[in-house]
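Residue numbers (the numbering used here), protein chains in the order written: chain A, 1 to 478; chain B, 1001 to 1478.
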């Protein structure tokens, strides 16, 4: 692969994965740093990627009956405090507005870290009868969490996300919603982002503040660490009781409704980078890439070359492919490196010899393979190649996950695997908080989830030896 | 028109227009009030309306080469202060974040009231050469302005908007951009929202803080007051100098680029309400209505009725029409009133007699006309009717604007017109700030704009008598 410009600018991912990541987010034009720590500027390329993710999710949410709303940015301190577990989880990391114009506010207002309290306050106004349920709401917005250490996409003091909030007449219906939305996230990850997931439920220690149950999709990054990629929470009627939301059922009896919330954020872009990227830069799954095909005219000074490149772009666009050409006066080698850095799935080169031979040359970003395409096969071969790239990225990530997930029966075994290989370790677990804490202290990992796909790895919790029939996945998480 | 439920609940618009407006925004399910003054919850119906407006604008912005970005929510005080006119305009009305978690911040941060300073800070990092220009950026977000008196849509402490920000090599190119984007707003208003506009330039007194020129589209509401519906600003190189943004041109000379910004907000939803609404509720232009056709099955207990209604919805959807049916157990009269309140442009009733006659009945929201449609003509007649409704709403608004815009040669004449009729008054104007102030003090109006369509109403400024060849439009503004 040609790398005239960038090869010296980007850190080797196997030497320093963190620095490699930071290099990618800036060199691929995703991020700029703002003047405030932990606040990142999403440049057009990152925004376009997020918009594609939004489009997939928003369409799916609406198919499932959800409606978008827009809640206020600010939450009065007294409102945040209404649900005690929730405020305990979030109060230490919120930003406070204390002045409006020249005046000090009578009550300080926090910038939303998440909006459960706002949705509940609204529902208390509008929910009266069983006819009003379910409430199936979502909002696209940014939230603030005053994190100490920050990294682009992975941990920002501000990030973009969607937060779904729903209210149901019965616990069963709310539970089903929670799992349905987890599956929406899993499908996004696997089918669009080519990121295989482990689906499961969080332990009490790791669940969302105020939730009865938190479901999660966990992905393994190239460096074998875990990324929690989307979560879905079941609240029972705890918030409804705290906010006095009641509805009269069909027998005219007053009941508390049951609630869920679920969110996925721009952190997933960090996941895409760390799953598929390599030492040449980003590598984007075709189904989500803002530009799927970049056409590079070779020897642009010769007559007819640019015209031919433009024609290929039009033909590809007519097929529904997101294609562009670069007609700038930069050299082809520069362009090749630039679009490899940006992770564009397929490059098409077209030069005088190609035109003579009635062909163009397609170069895959995922494996560097180059192959000629007869021009009259363009509309069939390019979608095939994009499909192959999508599959190959998924398979490679799946292999990384499978290869780096190991089972351990004893605590020693688990610790050895983690110190030698990293990755995920599956063990049995007794369910006790202390064993999770010990695992963290002695093996440096947290529980990722109790996977839906349960396995019988042994009979006992490897940490305390108590009998157990529950398997759990451990790993180091972003 | 049938009004079983709502007619007693909504204030007569000719008795108390302000209360009528407040009634509409709540009864039509657009808004709920949050616990913080001036922060309004956009309920699903308002959000869907805003999404339709977003889709029109976002598509157009992208066609014109703009890219979306996401800038931080917070601006350091020192950054806001870099351009002195700008900070003077905005500092008195911003909300300040002073604490992150438990810690007091070293420098307080304001929640963005607008993002010129953030865009400039970013451009200072990334703009180097003429190759980087133009920068054609936009962002969709919410902004905060700590207003004293607030009203849903019209004046909120938080509102949703888009803010476009562009940077150009030459003043001419930036000026063209400013006017191009004003025309995008004018087209949105006239072609989609059925709101005729007066296009023009703001006086120095009314222009945006820090701008050299502010262009505006002004619309007349049903109560004859003005709504500034979209603005586009030309900044020259003032911000570039304040933020030290320079580029090397093709001769390698360092130059300051020229800048624009332009914005349109959810305030436009207030404009739609106040342009087209009536005493039965909202009335939405079909091109922007979340639901264009509501099908109401009559005598739902009879066999085949609901099925037929569902079939009509499918057929309409297949034609690209946003259609729904209401199968709930509410009575038809309740449903009629409900969807009139929500301003759905066309209602289609289908009952047993209609099915016998192979027809349905279409009822227009704009004028109450009911007419049978032969079922095999559904796919042609419904789009025709929606087109007619769109035109008729526009024409009615245009007539309101024309009828209530009067010319005055003398100050007395202007004052008489305004006290007797309200509406817009056109006069000549000398260009002096004092005359604007006097007009405000003595006639209670502000200058709306110096319209692009200039007229020779007289020879002199009616206020001071100085010779003038510039005409101006005055009115009371929201």
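Positions of the beta carbon are idealized from the N, C-alpha and C atoms, including for glycine.
Predicted model, so just to flag it, every value in this text is computed and none were measured.
Burial state of residue 1452 of chain B is exposed, judged by a 10 Å Cβ sphere holding fewer than 16 other Cβ atoms. Residue contact check for residue 1244 of chain B against chain A: no CB pair falls below 8 Å.
Counted as a single uninterrupted DSSP element, the beta strand (DSSP E) harbouring residue 1042 of chain B occupies residues 1040 to 1042. Interface flag for residue 47 of chain A against chain B is set, since a Cβ pair is found closer than 8 Å. Along the stretch 1371 to 1401 of chain B, there is no position whose C-beta sits under 8 Å from a C-beta of chain A.
With contacts defined by Cβ atoms closer than 8 Å, residue 99 of chain A and residue 134 of chain A do not form a contacting pair. Under the 8 Å criterion on CB atoms, residue 1044 of chain B is classed as interfacial with respect to chain A.
Taking a Cβ-Cβ threshold of 8 Å, the residues of chain B close to residue 39 of chain A are 1072, 1073, 1074, in chain order.
According to the DSSP assignment, residue 1233 of chain B belongs to the beta strand (DSSP E) that extends over 1226 to 1236.
Residue 1245 of chain B is positioned such that its CB atom lies closer than 8 Å to that of residue 1124 of chain B.
Chain B places a beta carbon closer than 8 Å to that of residue 126 of chain A, counting this residue as a contact. Counting other Cβ atoms within 10 Å of its Cβ, residue 121 of chain A reaches 16 or more and is therefore classed as buried. In terms of Cα proximity to residue 1049 of chain B, the closest of B:1290, B:1274, B:1103 is B:1290.
Contact check for residue 1382 of chain B and residue 1316 of chain B: beta-carbon distance about 6 Å, within the 8 Å limit, so the pair qualifies.
Looking at the DSSP output, residue 1068 of chain B sits in a beta bridge with B:1138. The stretch 269 to 287 of chain A makes no contact with the stretch 327 to 335 of chain A, as fewer than three CB pairs between them are under 8 Å.
Rounded to the nearest angstrom, the gap between the Cα atoms of residue 1192 of chain B and residue 1417 of chain B is 32 Å. When C-beta distances to chain A are compared with 9 Å, every residue of the stretch 1220 to 1247 of chain B stays at or above that value. Residue pairing of residue 270 of chain A in beta bridges, as defined by DSSP: absent, with no partner found. The beta-carbon distance between residue 200 of chain A and residue 449 of chain A, rounded to whole angstroms, is 3 Å. This is short enough to meet the 8 Å contact definition. Of the other Cβ atoms in all chains shown, fewer than 16 fall within 10 Å of the Cβ of residue 241 of chain A; this residue is therefore exposed. Interface flag for residue 1433 of chain B against chain A is unset, since no Cβ pair is found closer than 8 Å. Beta bridge pairing from DSSP links residue 167 of chain A with A:135, A:259.
Among the residues facing chain B, residue 150 of chain A is not included, as its CB has no counterpart in that chain under 8 Å away.
A straight line joining the alpha-carbon of residue 1038 of chain B with that of residue 1376 of chain B spans about 50 Å. For residue 392 of chain A, the uninterrupted alpha helix (DSSP H) run begins and ends at 378 to 403, by DSSP. Residue 1033 of chain B carries a strand assignment under DSSP once its states are collapsed to helix, strand and coil.
For residue 1142 of chain B, same chain residues with a beta-carbon under 6 Å away, outside a window of 5 residues either side, are 1158, 1160 in chain order.
Taking a 10 Å sphere around the C-beta of residue 403 of chain A, we find fewer than 16 other C-beta atoms and assign the residue as exposed. Its Cα nearest to that of residue 1365 of chain B, the residue B:1348 stands out among B:1067, B:1348, B:1355, B:1374. For residue 190 of chain A, the closest of A:175, A:128, A:276 by C-alpha to C-alpha distance is A:276. In the DSSP assignment, residue 301 of chain A falls outside any beta strand (DSSP E) and carries neither an H nor an E. The beta-carbon of residue 203 of chain A is placed no less than 8 Å from the nearest beta-carbon of chain B.
Only residues of its own chain outside the window of five on either side were considered, and among them 1195, 1197, 1227, 1229, 1271 have a CB closer than 6 Å to the CB of residue 1219 of chain B, listed in chain order. Just so you know, the alpha carbons of residue 1354 of chain B and residue 1386 of chain B end up roughly 21 Å apart. The Cβ neighbour count for residue 380 of chain A, taken over all protein chains shown within 10 Å, is under 16; the residue is labelled exposed.
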